[in-house]
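The structure appears right after this line, and notes come after that.
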Amino acid sequence: MTQLLLDIAPPWVPTLENFVIGRNLELHTAIRHGVASQGSARSVYLWGETGAGKSHLLQAAVERARVHGQTAVYACGAVPDEAQVVAVDAVQELADEAQVALFALYNRLQERGAMLLVAGNAAPAQMQLRDDLRTRLAWGLVYQVHALNDEEKSQALLQHALARGFELPADVTQYLLRHGRRDLPYLLGVLEALDAHCLRMKKRAATVPLLKEVMRLE
Amino acid sequence: MHDQEFWEICLEHFQKLLPSQQFNSWIKPLGYSLIDAKIIISIPNSFTYKIFQERFLPVVIDLSRKYRNKEPEVLLRIDKKFNVTTHLDKLENIRTVSVKKETTFLHSSHLNSNLIFDNFVTGKANQLAHAAAIQVAESPGHIYNPLFIYGGVGLGKTHLLQAIGNAYKTVTADAKICYIHATNYVSDVVKAFQTKKFDEFKNYYNSLDLLLIDDIQFIADKPGTQQEFFYTLNALIDANKQIVITCDTFPKEISGIEARLTSRFSCGLTVAIEPPSLEMRVAILLRKSSGSLNPISEEVAFFIAKHVRSNIRELEGALNRIEAYSKFHKRNINVELAKEALKDLLASQNKQVSIENIQKTVSDYYRIKLIDLLSKKRNRAYARPRQIAMCLARELTHLSLPEIGNAFGGRDHSTVLHACKTIELLRNTDSTINMDFNLLNQTLRG
Numbered sequence: 613m614t615q616l617l618l619d620i621a622p623p624w625v626p627t628l629e630n631f632v633i634g635r636n637l638e639l640h641t642a643i644r645h646g647v648a649s650q651g652s653a654r655s656v657y658l659w660g661e662t663g664a665g666k667s668h669l670l671q672a673a674v675e676r677a678r679v680h681g682q683t684a685v686y687a688c689g690a691v692p693d694e695a696q697v698v699a700v701d702a703v704q705e706l707a708d709e710a711q712v713a714l715f716a717l718y719n720r721l722q723e724r725g726a727m728l729l730v731a732g733n734a735a736p737a738q739m740q741l742r743d744d745l746r747t748r749l750a751w752g753l754v755y756q757v758h759a760l761n762d763e764e765k766s767q768a769l770l771q772h773a774l775a776r777g778f779e780l781p782a783d784v785t786q787y788l789l790r791h792g793r794r795d796l797p798y799l800l801g802v803l804e805a806l807d808a809h810c811l812r813m814k815k816r817a818a819t820v821p822l823l824k825e826v827m828r829l830e
Numbered sequence: 088m089h090d091q092e093f094w095e096i097c098l099e100h101f102q103k104l105l106p107s108q109q110f111n112s113w114i115k116p117l118g119y120s121l122i123d124a125k126i127i128i129s130i131p132n133s134f135t136y137k138i139f140q141e142r143f144l145p146v147v148i149d150l151s152r153k154y155r156n157k158e159p160e161v162l163l164r165i166d167k168k169f170n171v172t173t174h175l176d177k178l179e180n181i182r183t184v185s186v187k188k189e190t191t192f193l194h195s196s197h198l199n200s201n202l203i204f205d206n207f208v209t210g211k212a213n214q215l216a217h218a219a220a221i222q223v224a225e226s227p228g229h230i231y232n233p234l235f236i237y238g239g240v241g242l243g244k245t246h247l248l249q250a251i252g253n254a255y256k257t258v259t260a261d262a263k264i265c266y267i268h269a270t271n272y273v274s275d276v277v278k279a280f281q282t283k284k285f286d287e288f289k290n291y292y293n294s295l296d297l298l299l300i301d302d303i304q305f306i307a308d309k310p311g312t313q314q315e316f317f318y319t320l321n322a323l324i325d326a327n328k329q330i331v332i333t334c335d336t337f338p339k340e341i342s343g344i345e346a347r348l349t350s351r352f353s354c355g356l357t358v359a360i361e362p363p364s365l366e367m368r369v370a371i372l373l374r375k376s377s378g379s380l381n382p383i384s385e386e387v388a389f390f391i392a393k394h395v396r397s398n399i400r401e402l403e404g405a406l407n408r409i410e411a412y413s414k415f416h417k418r419n420i421n422v423e424l425a426k427e428a429l430k431d432l433l434a435s436q437n438k439q440v441s442i443e444n445i446q447k448t449v450s451d452y453y454r455i456k457l458i459d460l461l462s463k464k465r466n467r468a469y470a471r472p473r474q475i476a477m478c479l480a481r482e483l484t485h486l487s488l489p490e491i492g493n494a495f496g497g498r499d500h501s502t503v504l505h506a507c508k509t510i511e512l513l514r515n516t517d518s519t520i521n522m523d524f525n526l527l528n529q530t531l532r533g
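Chains S and U supply the protein sequences, listed in that same order. In terms of my numbering, the first sequence is residues 613 to 830. In terms of my numbering, the second sequence is residues 88 to 533.
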């Protein structure tokens with residue numbers, strides 16, 4: 613008999629602390645300092661492949677700013693209202709009008725000494741955006757978010773499993789990294805499904821056979 | 088919640104949040120009272136008022152939402168004796184400013200004191216604009232009115248505009264100066280429409296001594312705004328007050344703006360800013376870095392300038408990145424470090440511009456068929472774009488002249504040479520060709 617699950621898993625919040633840094637130490641530090649130094653105008657543009665951690669960093673920056681008592685807002689593929697820290701994710705999805713809005717927001721935030729973080733899927737010069745917006749994004753600090761290597765990914769998975777309170781033996785991680793798609797959003801998705809599956813099967817620790825079952829279901 | 092209890096929570100919050108020096112100067116002197124469910128904050132002076140409104144008011148509002156569970160109405164008052172307002176003061180007698188969005192056109196000048204003539208690097212690309220700007224700042228309203236500065240993105244138009252304002256302000260401290268971005272001007276017009284405060288709007292703009300309006304192309308396709316701007320423009324010019332306008336293209340080329348406006352734009356002086364040459368880019372980097380603790384050497388400046396070519400913003404962005412990298416790794420800046428810091432950026436840029444890409448971009452730009460661009464047709468509608476494309480190919484690719492000639496329908500290398508010479512000559516005499524060339528160049532370089 614399978615165990616029915618109550619959907620009461622603690623919501624996982626992306627923070628600067630639970631970001632597996634990998635080769636992004638400088639960027640991580642820049643965001644930490646950027647959020648802490650209130651009052652001066654700051655602009656950070658992040659780019660990198662899907663699953664590299666751009667959205668995590670943006671949401672983490674907003675979360676950190678709120679802890680510091682600042683007003684902060686995150687929006688994906690849209691332009692939010694003004695705040696002391698504003699994060700705009702997936703800038704490549706902005707339509708013409710939204711690009712003008714982001715351009716105006718950039719100017720206002722610069723004037724008021726606020727922080728703007730923007731993430732996109734390519735370096736500023738390669739973005740298909742309005743010239744005036746594109747060059748402004750390239751004006752501040754520009755960082756590539758480097759995706760994690762396999763070792764770092766297994767560390768990220770382990771950390772995530774720990775946060776959810778279940779054991780993840782090394783052979784399971786290894787199997788997952790060898791046989792699954794290797795971008796972090798997919799891996800974390802499998803991990804969550806695995807966690808639920810283990811609970812349903814009343815197993816304490818994840819095993820390779822359980823993982824295989826989950827991956828077959830996926 | 089007791090009247091003072093909420094304020095104590097705020098004080099406690101700020102005390103944790105701010106260094107004690109800042110807490111003592113910004114928060115401690117404030118007075119607080121609660122009248123008719125309205126929060127009244129007394130502030131000792133207008134400077135603190137501004138700081139409080141920008142930095143701390145959002146926090147107070149957030150805290151009020153959290154602890155008082157309601158949308159707060161906060162009134163700020165400047166009170167030199169900073170008495171705490173008591174219930175005895177009737178609310179209506181208090182001269183307050185509501186923090187709810189007020190419609191007012193009384194902007195501050197919006198001048199950024201860092202953007203001045205002294206730190207504007209000049210070269211062949213911008214010396215005319217620079218000279219005109221200085222003259223206008225010295226005797227506003229009398230020489231060139233309006234002064235119309237145009238050029239591509241990130242070439243320093245805003246810097247010049249701000250420099251004029253700052254220079255005028257140092258000579259005439261009480262002058263009414265307004266720097267405004269055209270998008271904000273549009274929203275001012277909209278606000279005036281919505282709140283029926285057109286008189287206030289007009290009075291404000293017509294009373295200016297110097298109006299600096301940035302990126303005027305943003306009023307395109309907005310007839311209401313254009314009409315208002317036309318009146319403002321006339322009123323200011325008639326009163327010998329200076330207007331300086333920037334735009335991404337020259338007046339006749341702006342689309343979506345009424346002809347009566349564009350002809351007004353060009354009745355003063357129209358000057359261009361062009362993309363900076365290598366030497367000028369180096370000079371800009373050296374000037375920008377000279378103020379930092381760890382200024383870069385000429386060698387590093389050349390390295391950056393060679394790799395970042397399209398505009399000054401990206402140039403400065405690259406310098407920012409190198410400075411951040413050097414600070415983070417606690418290493419001195421040299422070419423090696425610059426290479427490491429810009430590694431990601433350069434790798435993404437290394438996508439060489441191909442001759443096919445140039446041909447396609449140019450034919451798209453002139454709306455001619457690619458096949459015509461490569462054909463033997465000699466009529467000017469095809470020949471000119473072809474010459475521009477050849478000239479761009481020589482500048483942007485490493486191909487030899489015979490290779491370029493070959494790629495353009497098997498032409499001789501001397502034809503390519505002739506094309507390049509013709510375009511170089513035309514660029515000095517024909518502003519349209521020059522602008523087309525710069526635009527295509529910038530587009531291809533990305």
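We put the beta carbon where it would ideally sit given N, CA and C, even for glycine.
The C-alpha of Thr333 (chain U) is placed about 5 Å away from the C-alpha of Asp302 (chain U). Straight through space, the alpha carbons of Thr259 (chain U) and Ala269 (chain U) are spaced by roughly 25 Å. Trp751 (chain S) sits buried, since 16 or more C-beta atoms from the chains shown fall within 10 Å of its C-beta.
Around Cys97 (chain U), the same chain offers Val147, Leu150 as residues with beta carbons nearer than 7 Å, after the five sequence neighbours per side are excluded. Closer than 8 Å to the CB of Arg644 (chain S) there is not a single CB belonging to chain U. Leu460 (chain U) sits close to Pro472 (chain U), with the two beta carbons spaced by under 8 Å.
In this structure, DSSP gives Gln740 (chain S) a state outside helix and strand, which the three-state scheme calls coil. 8 Å or more divides the Cβ of Tyr291 (chain U) from the Cβ of Leu298 (chain U).
Put simply, the CB of Asp205 (chain U) is far from chain S, with every gap to its CB atoms at 8 Å or more. Rounded to the nearest whole angstrom, the CA to CA distance from Val358 (chain U) to Ile442 (chain U) is 32 Å.
Chain S has a Cβ within less than 8 Å of the Cβ of His100 (chain U). For the set U:Gln474, U:Leu531, U:Asn381, U:Thr257, the Cα lying nearest the Cα of Cys507 (chain U) is the one of U:Gln474. Residue state for Ala218 (chain U) is assigned as helix, using DSSP reduced to three classes. Where Ser350 (chain U) is concerned, the enclosing alpha helix (DSSP H) starts and stops at 346 to 352. Rounded to whole angstroms, the gap between the alpha carbons of Val387 (chain U) and Ala731 (chain S) is 28 Å. Judged by their CB atoms, Leu806 (chain S) and Leu829 (chain S) are not nearer to each other than the 8 Å cut-off. Below the 7 Å Cβ cutoff, chain U contributes Thr270 as neighbours of Ala716 (chain S), in chain order.
Membership of Ala684 (chain S) in the beta strand (DSSP E) is indicated by the continuous run 684 to 688. Interface criterion met: the Cβ of Asp149 (chain U) is under 8 Å from a Cβ in chain S.
Chain U places a beta carbon closer than 8 Å to that of Asn719 (chain S), counting this residue as a contact. In this structure, Tyr266 (chain U) lies near Leu248 (chain U), with their beta-carbon atoms less than 8 Å apart. Counting along the chain, Tyr255 (chain U) sits inside the alpha helix (DSSP H) bounded by residues 244 to 258.
Looking at the backbone, the Cα of Glu723 (chain S) and that of Ile520 (chain U) are separated by about 36 Å. Around the Cβ of Leu774 (chain S), a 10 Å sphere holds fewer than 16 other Cβ atoms; the residue is exposed. Spanning the alpha carbons of Ala470 (chain U) and Ser200 (chain U) requires a straight line of approximately 48 Å. Look at Arg514 (chain U) here: in three-state DSSP terms it is helix. Following the DSSP letters along the chain, one finds Gln474 (chain U) inside the alpha helix (DSSP H) bounded by residues 467 to 483.
For His645 (chain S), the closest of S:Thr785, S:Trp659, S:Ala672, S:Gly665 by C-alpha to C-alpha distance is S:Ala672.
Per DSSP, the unbroken alpha helix (DSSP H) holding Tyr272 (chain U) starts and ends at 269 to 282. For Leu753 (chain S), the nearest CB of chain U lies under 8 Å from its own CB, placing it at the interface with that chain. In the three-state reduction of the DSSP assignment, Arg164 (chain U) falls in the strand class, which pools E and B.
The Cβ of Tyr412 (chain U) sits closer than 8 Å to at least one Cβ of chain S. Considering only beta carbons, the part of the region 388 to 409 of chain U lying closer than 7 Å to chain S consists of Asn398, Arg400, Glu401, Glu403, Gly404, Asn407, Arg408, in chain order.
DSSP places Leu822 (chain S) in the uninterrupted alpha helix (DSSP H) bounded by 820 to 829.
Phe101 (chain U) sits in a helix when the DSSP states are folded into three classes.
Contact fails between the region 370 to 383 of chain U and the region 336 to 351 of chain U, because fewer than three Cβ pairs, one in each stretch, are under 8 Å apart.
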